[in-house]
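Below is one structure, written out as structure tokens, with a few remarks after it.
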Amino acid sequence: MRRQAVAAGDQSYGAIVVMGDVIVGWGPSRVVTSRNVNAHAERVAIWNARERWGPSGVAGAVIFSTSRPCSECEAAAAEAGIARMFWGPQGVDAGVPRRR
Numbered sequence: 781m782r783r784q785a786v787a788a789g790d791q792s793y794g795a796i797v798v799m800g801d802v803i804v805g806w807g808p809s810r811v812v813t814s815r816n817v818n819a820h821a822e823r824v825a826i827w828n829a830r831e832r833w834g835p836s837g838v839a840g841a842v843i844f845s846t847s848r849p850c851s852e853c854e855a856a857a858a859e860a861g862i863a864r865m866f867w868g869p870q871g872v873d874a875g876v877p878r879r880r
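What follows is the structure, encoded as structure tokens:
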């Protein structure tokens, strides 16, 4: 996804949403190309997964991102029901705080 974003002329970020061993959503950064400040790779991947699997289809999924997600992307992941977040080359486990 990172390479796809760069090839399209966008920022070098990418993310995928995984449920079990299946990629259910993916997203290259689209901030520049779509002129949408909210189109971070993590949110694009969540949007893609929810479009394909429905609003509750990502509950319990894991998101993998090329870099540490911003606080807005972390909030979007929590709202979508993403269970865990891993980022960067080392696969740092960022977790996702649950809303109560």
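Letter by letter, the sequence shown follows residues 781 to 880 in my numbering. Every residue, glycine too, gets a C-beta built ideally from N, C-alpha and C. All figures in this text were calculated on a predicted structure; none of them were measured in a lab.
Provide the residue span of the beta strand (DSSP E) that contains residue 843, from first to last. Membership of residue 843 in the beta strand (DSSP E) is indicated by the continuous run 842 to 845.
What do you reckon, are the CB atoms on residue 821 and residue 809 nearer than 7 Å? With respect to the 7 Å criterion, residue 821 and residue 809 are classified as neighbours on the basis of their beta carbons.
Can you tell me the Cα-Cα spacing of residue 800 and residue 863, whole angstroms? About 12 Å.
Decide if residue 850 is buried, meaning its Cβ has at least 16 other Cβ atoms within 10 Å, or exposed. A residue is called buried once 16 or more other Cβ atoms fall within 10 Å of its Cβ, and residue 850, having fewer, is exposed.
Burial state of residue 785 (16 or more Cβ within 10 Å): With 16 or more other Cβ atoms within 10 Å, it is buried.
Run of the beta strand (DSSP E) containing residue 803, from where it starts to where it stops: From DSSP, the beta strand (DSSP E) with residue 803 extends over 802 to 808.
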